[in-house]
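Asker: Dropping a structure here in structure tokens format, bear with me for questions.
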Amino acid sequence: NTTLDLSPADAMGAYTAAARLLTILLYVFAIPIVGLILYFIVLTSSLVVQRQRNEIAVLRSRGASRAQIVGLYLCEGLILGLAAMGLGPFLARGVALAMGQAQSFLTFARGSEMVVSFSPGSIRVGFAAVLISLGASLFPALGAAGHTIVTYKHDVARSLQRPWWQRLYLDLLLLVVPLYGYYLLRQRGTISVLGRSVSAAEGDPFRNPLLFLVPTLFVFALALIFIRLFPLLMEGLACLAQALPEVSPLLALRQLARSSRQYTGPLLLIVLTLGLACFTASMAKTLDRGLVDQAYYEVGADVRLVETGETNVPVGPEGPMGGAPGMAGAQAGAAAESEPVIWYLLPVSEHLKVRGVVGAARLANLRVTARVGGSEDRGTLLGIDRFDFQQVAFFRRDLAADSLGSLLNRLAMDESAVLVSRGFLAAHGLGIGDELTLHVGGIAPRQELDVPLIVAGASDLFPTVYPEDGPFFVANLEYVFTCLGGEYPYDVLLRTVPGANTQRIVADLEDLGLRVLNAYDARARVAEERLRPERQGILGLLSVGFLASAVLTVLGFLIHSFLSFRRRYIELGILRAIGLSVTQMAAALGLEQLALIAAGVGVGTGLGVLASYLFIPFLQVRGGPHPQTPPFLVEIAWGDIAAVVAIFAAMLLGAVAGLVWLLVRMRIAQAVKLGEVA
């Protein structure tokens, strides 16, 4: 006996390479999320250090060295980092499980639970995250530790100076990079590195992270430009508020205009979180819609069955159609010259007897030749039943200038009416009402059969046919069969109930006497594509990252509101002492928070929508024989955006309620005193 053992080395090597590539992709896609988290750490550290700057300056003036000041914050950071390392693995396991169950952005479906294990690499990444976070938290302390009481006072006096990145116009320079990326996308359709040729993987948004990072940088650059313009906007609104009888709006807008640098951190955090969330949610929704549309466009309906029947002559080994396996078409193999081919086919209504099938329609697919003006074009003739096709088939509104119902009504005007691809009409100068003859070969021995037609309408695209395969023609099936001299095998499009088992349907049809050669299930294709590791990992990462960013943004805003109130304690006490009521002060603080959140949410959403319309059309996968059919329809995730806005509205209510509570408890005698604003 002879046995052959195959080494698993090649398979294991391919798996290792795929896992390494996916790990790198996840790292790159996580850059914006990590950036938001680090910015949150810097923001909260800056708020705490800013509140303690006077104490730090006093310590420095009394002999404490810069290293000693930084050492205090280093000890605090190490304690927090060790606590995070202790709790992090438990949270990381839940995050990993959630990522493995991601079906789309913020959509999770419980499936087979993954086995999560911690490797030495995971521990190293955890310690690296602690060190990076520690460095980010020490960054504000390093700046504050360099000031004595004298230099601190000088720095406070220069607090109205614009940030360094505004003085260097870094925001405008940063915008050049994504604009150049957009230019490359318009020219090439994708972004490659260092001029390399574009591969199919580089056109896949789940394999080319540059397609995601460029719009992220676009949102970031425009957010910085908005921060530059925010004081001017508030100053303009403050001028308008002078005409109001109430003082609270003027106080709020003046504060935002004159001390806008104090609000830069939380405002930028809100804009970035909303902008990236809007873009990411819209990207995921568009990719999901594109995935479904591509599967249904190829199949034509929920299920397409390739069927045959009985004939009076034997058929060739390629099947009853004599064409490519798996496509019914209608071309029979060359039959015996002495006897015409006669097909015996069961009525299409037999399909409705099977449980789970709620609609069925015939679809004949023939390769034809159209001769116009001395030129020949190879194309595809689709024969359909108008009423049944409309009840079953997939059709998207942008595939034609008219609706599917309107197109099919044109076929009803004449039995010889035909719908033609718009490109074919333009290429040959044809119009509505012109006559056209298609030549069908392979039906009868050594001859072509003609199908005379009258152009009744045009469509840009039509399900199951692609521009790469030549022009298409859609005609009435019964008329086509009349011209061909009888019926020939056809495909059957099925509309099934959700959750229907296609294999069970095929088995039941075969029990009824139908002969099914092949079955194509659009839902199964969608489900299979959604289980791609790249798709699950990246959409899961983006979902978890957005949730973390949203929580940190809310937390950062609330911390900022509280510390801002403490910093302005004397100022608010003076306003209270000169006669402003608690209601007026609460209104002023509430309007500050409202203006801040409304500006952040509005601009962030606007930037996300703008980035979606500009960049999402280029995220369509460019691999395969039909890479751009059907084209993407950009879907803005308004539902997810509304949920995020609701979260920030709740944050606003919480912040205002907390500030009112602090105002009510304020003691004027304690607030108004000799000294300075801390």
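For the sequence shown, position 63 (counting from the first letter as 1) is numbered 63 according to our numbering, and the numbering increases by one without interruption. The C-beta atom is built at its ideal place from N, Cα and C for all residues, glycine as well.
I432 and A456 look like a contact to me (Cβ under 8 angstroms); what is the Cβ gap, rounded to whole Å?
Answerer: Going by Cβ atoms, the distance from I432 to A456 rounds to 7 angstroms, so yes, they are a contact pair.
Asker: Are there three or more Cβ pairs, one per stretch, closer than 8 angstroms when the segment 357 to 375 is compared with the segment 529 to 540?
Answerer: No: fewer than three Cβ pairs fall under 8 angstroms.
Asker: For V116, which three-state DSSP category applies?
Answerer: Note: V116 maps to coil in three-state DSSP.
Asker: Let me know the secondary structure DSSP gives R62 once reduced to three states.
Answerer: In this structure, R62 counts as coil in the three-state DSSP scheme.
Asker: Going by CA-CA distance only, name the one from V372, S403, V451 that's closest to A426.
Answerer: Among V372, S403, V451, the Cα nearest to that of A426 is on V372.
Asker: Does the separation of the CB atoms of L251 and L237 fall below 8 angstroms?
Answerer: In this structure, L237 does not lie closer than 8 angstroms to L251 by Cβ.
Asker: Please state the DSSP three-state secondary structure of F462.
Answerer: Three-state result, F462: strand.
Asker: Give the C-beta separation of A361 and A412 to the nearest angstrom, bearing in mind that I take them to be a contact with Cβ-Cβ under 8 angstroms.
Answerer: Not confirmed; about 15 angstroms, so no contact.
Asker: Under 8 angstroms, do I641 and V554 count as touching if we go by C-beta distance?
Answerer: Cβ distance not < 8 angstroms, so I641 and V554 don't count as in contact.
Asker: Give me, in chain order, the residues of the same chain whose beta-carbon lies closer than 7 angstroms to that of L514; leave out the 5 immediate sequence neighbours on both sides.
Answerer: E307, L346, E350, listed in sequence order.
Asker: State the start and end residues of the unbroken beta strand (DSSP E) segment that holds D521.
Answerer: Unbroken beta strand (DSSP E) run through D521: 515 to 521.
Asker: Cβ atoms of F395 and L381: under 8 angstroms apart, would you say?
Answerer: Not in contact: L381 and F395 (Cβ atoms no closer than 8 angstroms).
Asker: Check S421 in the structure and name its three-state DSSP category.
Answerer: DSSP places S421 in strand when its eight states are reduced to three.
Asker: Answer yes or no: do V177 and L211 have a C-beta to C-beta separation smaller than 8 angstroms?
Answerer: Cβ distance not < 8 angstroms, so V177 and L211 don't count as in contact.
Asker: Please determine, among G608, R665, N518, R523, the residue with the shortest C-alpha to C-alpha distance to L572.
Answerer: Among G608, R665, N518, R523, the Cα nearest to that of L572 belongs to R665.
Asker: Under a three-way DSSP split, which group does E76 fall into?
Answerer: E76: helix per DSSP, three-state reduction.
Asker: Count the C-beta pairs between the segment 105 to 121 and the segment 71 to 85 that are closer than 8 angstroms, then say yes if the count reaches three, no if not.
Answerer: Counting Cβ pairs under 8 angstroms, fewer than three are found: no touch.
Asker: Residues bridged to P452 by DSSP?
Answerer: Answer is T437, bridged to P452.
Asker: Can you have a look at C239 and say buried or exposed, based on whether 16 or more other CB atoms are within 10 angstroms of its CB?
Answerer: Classification of C239: exposed, given that the 10 Å Cβ count is below 16.
Asker: What span of residues does the alpha helix (DSSP H) with I33 cover, start to end?
Answerer: Counting along the chain, the alpha helix (DSSP H) containing I33 begins and ends at 31 to 51.
Asker: If you count every other CB in all the chains shown that lies within 10 Å of the CB of A277, and 16 or more means buried, which is it?
Answerer: Buried, since its Cβ has 16 or more Cβ neighbours within 10 Å.
Asker: From the DSSP output, which residues share a beta bridge with E376?
Answerer: In DSSP, E376 forms a bridge with R371.
Asker: Alpha carbon to alpha carbon, how far is S104 from N501? Give it in angstroms, no decimals.
Answerer: Approximately 23 angstroms, taken between the alpha carbons.
Asker: Is the CB-CB distance between V214 and F615 below 8 angstroms?
Answerer: In this structure, F615 lies closer than 8 angstroms to V214 by Cβ.
Asker: Using 8 angstroms as the Cβ pair cut-off and three pairs as the minimum, do the segment 293 to 300 and the segment 45 to 63 touch?
Answerer: No, the segment 293 to 300 is not in contact with the segment 45 to 63.
Asker: Compute the beta-carbon to beta-carbon distance between L652 and I597, rounded to the nearest angstrom, for a pair I have assumed lies under 8 angstroms.
Answerer: So it is a contact: roughly 5 angstroms between Cβ atoms.
Asker: Who pairs with D491 in a beta bridge, going by DSSP?
Answerer: Its beta-bridge partners are V306, L363.
Asker: When burial is assigned at 16 or more other CB atoms within 10 Å of the CB, is A335 buried or exposed?
Answerer: In this prediction, A335 scores a pLDDT of 44, lower than 50, which makes its location untrustworthy; the coordinate-derived value is nonetheless stated afterwards. By the neighbour-count rule (16 or more Cβ atoms within 10 Å), A335 is buried.
Asker: Please state whether the Cβ-Cβ distance between A141 and V49 is less than 8 angstroms.
Answerer: Yes, the pair counts as a contact, with Cβ atoms nearer than the cut-off.
Asker: So what's G470 in DSSP terms, helix, strand or just coil?
Answerer: Residue state, collapsed to three classes: coil.
Asker: Let me know the secondary structure DSSP gives A102 once reduced to three states.
Answerer: The answer is strand: DSSP assigns A102 an E or B state.
Asker: Using the rule of at least 16 other Cβ atoms within 10 Å of the residue's Cβ for burial, across every protein chain shown, is D414 buried or exposed?
Answerer: The residue is exposed, with fewer than 16 neighbouring Cβ atoms inside 10 Å.
Asker: Determine the burial state of L47: buried for a count of at least 16 other Cβ atoms within 10 Å of its Cβ, exposed for fewer.
Answerer: Buried, by the Cβ-count rule.
Asker: For the segment 514 to 525 against the segment 377 to 391, do three or more pairs of beta-carbon atoms, one drawn from each stretch, fall closer than 8 angstroms, so that the two count as touching?
Answerer: These segments do not touch.
Asker: Cβ atoms of Q166 and R228: under 8 angstroms apart, would you say?
Answerer: A contact, by the Cβ cut-off of 8 angstroms.
Asker: Measure the Cβ-Cβ separation of G441 and P471 and say whether it is below 8 angstroms.
Answerer: Going by C-beta atoms, G441 is not nearer than 8 angstroms to P471.
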